[in-house]
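K.L.:
Using this note's numbering, you'd call the opening residue of the sequence shown number 229 and step up by one each time.
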Amino acid sequence: MTREPILQQPAEFKDDDRDLRPQHMQEMVGQREVYARLEIAVDAASKRDEPLGHILFDGPPGLGKTTFAMCIPRDLGVRFQIASGAALAAPKDLIPYLTNAEQRSVLFIDEIHRMPNAVEEFLYPAMEDFRIDLTLGDGVNARTINMQLKPFTLIGATTRTGLLSAPLRDRFQLREHLDFYSTDELSEIVRRNAVKLQVEIDGEAAREIAVRSRGTPRVANNRLRWVRDYAVSRADGRASLKVTKDALAMQGIDPLGLDRQDRKYLKTLARVFGGGPAGVEAIAHTMNLAPDTLIDEVEPYLLRSELVVRTPRGRKMTPAALDHLGLGDVPPGSTSGQPNLFD
Ligand code: ADP
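1) Rounded to a whole number of angstroms, what is the C-alpha to C-alpha distance between R499 and R488?
2) In chain order, what residues of the same chain lie with their CB nearer than 8 angstroms to the CB of G287, ignoring the 5 residues before and after it?
3) Just curious, the beta strand (DSSP E) that S312 is in, first and last residue?
4) Check for me: the beta strand (DSSP E) holding V536 runs from which residue to which?
5) Checking 9 angstroms against the spacing of the C-beta atoms, do R359 and M375 come in under that value?
6) Could you check whether G384 and L284 sit closer than 9 angstroms to each other, using their CB atoms as the reference points?
7) Beta carbon of P528: closer than 8 angstroms to some heavy atom of the ligand FMN?
8) So, with DSSP's three-state summary, where would you put L392?
9) So, D412 versus T472, is the Cβ gap smaller than 9 angstroms?
10) Nearest-angstrom Cα distance between Q401 and V460?
11) For a test of the three-state rule: what should DSSP assign to N328, helix, strand or coil?
12) Using three-state DSSP, classify L553 as helix, strand or coil.
13) Can F501 be considered in contact with the ligand ADP, in the sense that its beta carbon sits closer than 8 angstroms to one or more heavy atoms?
14) If we count the other Cβ atoms within 10 Å of its Cβ and call it buried at 16 or more, is G465 buried or exposed?
15) Do you know how far the Cα of R302 is from the Cα of P483?
16) State the CB to CB distance for the pair P505 and R541, rounded to an integer number of angstroms; the pair is presumed to be in contact (CB under 8 angstroms).
17) Give the straight-line distance between the Cα atoms of E255 and V439, rounded to the nearest whole angstrom.
18) Kindly provide the chain-ordered list of residues whose Cβ lies closer than 6 angstroms to any non-hydrogen atom of the ligand ADP.
This is the structure we're talking about:
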């Protein structure tokens with residue numbers, strides 16, 4: 229039905245997830261409302277033979293932004309190109325992508341919030357009028373020429389819509405927020421991917437991986453791969469509930485799905501900052517991590533699970549987090565009774 233799109237991607241884009249990534253939106257699990265809206269947009273664009281409106285995806289890492297962005301051109305049967313906002317340092321870096329864009333093709337820019345302002349501004353006329361303004365020469369000899377582009381679709385993905393300028397945000401016709409997945413949805417993803425990875429998994433083991441995957445399909449895939457390896461190496465290759473629990477425990481993944489880094493965050497907040505409130509920069513500094521890593525990768529799930537709350541004065545632990553760490557009866561900040569805080 230659809231022709232396989234031709235993919236142009238930068239050398240640094242290595243799709244580690246290719247074997248598990250759904251190829252068409254229909255194969256994606258969860259995000260039903262987003263899917264329903266996109267399906268209508270894709271269907272209408274196909275029927276009218278017009279380019280799909282520009283789309284912006286936002287949400288924490290690993291929730292399916294890239295997957296949607298790669299499924300859409302396949303569903304439309306058009307070419308697509310992939311660029312990374314971090315690699316687009318100047319307008320000239322964007323020119324080859326824009327001039328290569330074919331009628332109705334898709335250009336996907338991941339981490340679009342990392343483009344500098346000059347690149348963003350260069351993109352405005354390309355998005356709005358399918359035109360770029362090139363300045364040739366400089367000083368008194370400088371002149372601007374307009375270059376017409378083929379009508380194309382831009383798909384942007386960001387972990388932080390807050391960092392996008394309003395003019396850029398407003399140029400996307402569809403803006404979709406991806407949220408964490410339910411345990412049922414993640415179980416389904418684990419079961420489907422176990423078939424792809426050719427590992428036999430019990431239903432309750434799939435659910436255990438789902439529960440411990442922080443609401444995130446990418447995490448579920450990584451946990452599943454580890455459980456598969458463990459099952460092959462330490463058992464008969466079958467992922468039973470016991471094998472799965474042992475495998476996850478060996479990686480330091482606790483029953484809530486928190487890994488060592490998540491627990492280190494909570495413990496830092498408890499031990500160094502007396503449970504908070506503490507600024508994210510201070511926490512990141514103490515943990516020797518970039519604040520962006522904490523904000524994008526660690527905090528969203530802790531906030532959503534109500535283990536940490538944001539207050540005007542900074543991040544604060546909740547009683548549930550203290551209970552989870554086994555510090556429920558110990559006043560935060562007290563060092564007595566808190567062995568092994570940085571295991
Ligand atoms: P993001 O771009 O938001 O960081 P990705 O789209 O790369 O996340 O998703 C990471 C992996 O998780 C994908 O390779 C895919 O295997 C899996 N995944 C994400 N969303 C879904 C989904 N809705 N259904 C099934 N698998 C998914």
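Virtual Cβ for every residue (Gly too), placed ideally from N, Cα, C.
P.N.:
Short version:
1) As a first step, residue 499 is located in the sequence shown; it is residue number 271 there, counting from the start. As a first step, residue 488 is located in the sequence shown; it is residue number 260 there, counting from the start. In this structure, the CA atom of R499 is about 16 angstroms from the CA atom of R488.
2) Here residue 287 refers to the residue found at position 59 when the sequence shown is read from its first residue. These residues qualify, in order along the chain: K293, T387, H405, L406, D407.
3) Taking the sequence shown and counting its residues from 1, the one referred to as residue 312 is at position 84. Residues 308-312.
4) As a working note, residue 536 is residue 308 in the sequence shown. Here the beta strand (DSSP E) through V536 covers 536-539.
5) Against the sequence shown, residue 359 aligns to sequence position 131. Against the sequence shown, residue 375 aligns to sequence position 147. Yes, they are a contact pair.
6) One-based indexing of the sequence shown puts residue 284 at position 56. One-based indexing of the sequence shown puts residue 384 at position 156. Between L284 and G384, the CB-CB gap stays under 9 angstroms.
7) The ligand content of the structure shown is limited to the ligand ADP, which means the ligand FMN is not among them.
8) Here the question's residue 392 lines up with position 164 in the sequence shown. Three-state DSSP puts L392 in coil, outside helix and strand.
9) Here residue 412 is taken as the residue at index 184 of the sequence shown, counted from 1. Here residue 472 is taken as the residue at index 244 of the sequence shown, counted from 1. In this structure, T472 does not lie closer than 9 angstroms to D412 by Cβ.
10) Start at 1 with the first residue of the sequence shown, and residue 401 comes out as number 173. Start at 1 with the first residue of the sequence shown, and residue 460 comes out as number 232. Rounded to whole angstroms, the gap between the alpha carbons of Q401 and V460 is 48 angstroms.
11) Working through the sequence shown from its first residue, we reach residue 328 at position 100. Correct three-state label for N328: helix.
12) Taking the sequence shown and counting its residues from 1, one reaches residue 553 at position 325. Correct three-state label for L553: coil.
13) For this step, residue 501 is matched to residue 273 along the sequence shown. Not so, every heavy atom of the ligand ADP lies at least 8 angstroms from the Cβ.
14) Translated into the one-based positions of the sequence shown, residue 465 becomes position 237. Exposed, because fewer than 16 other Cβ atoms sit within 10 Å of the Cβ of G465.
15) Along the sequence shown, read from residue 1 onward, the residue named residue 483 stands at position 255. Along the sequence shown, read from residue 1 onward, the residue named residue 302 stands at position 74. About 38 angstroms.
16) For the purposes of this step, residue 505 is taken as the residue at position 277 of the sequence shown. For the purposes of this step, residue 541 is taken as the residue at position 313 of the sequence shown. Yes, they are in contact, since the Cβ atoms of P505 and R541 sit about 4 angstroms apart, within 8 angstroms.
17) The count along the sequence shown starts at 1 and reaches residue 255 at position 27. The count along the sequence shown starts at 1 and reaches residue 439 at position 211. C-alpha of E255 to C-alpha of V439: approximately 22 angstroms in a straight line.
18) Counting only beta-carbon distances shorter than 6 angstroms to the non-hydrogen atoms of the ligand ADP, the qualifying residues in chain order are D245, L248, R249, P250, M256, V257, G258, Q259, P289, G290, L291, G292, K293, T294, T295, A385, I417, P445, R446, N449.
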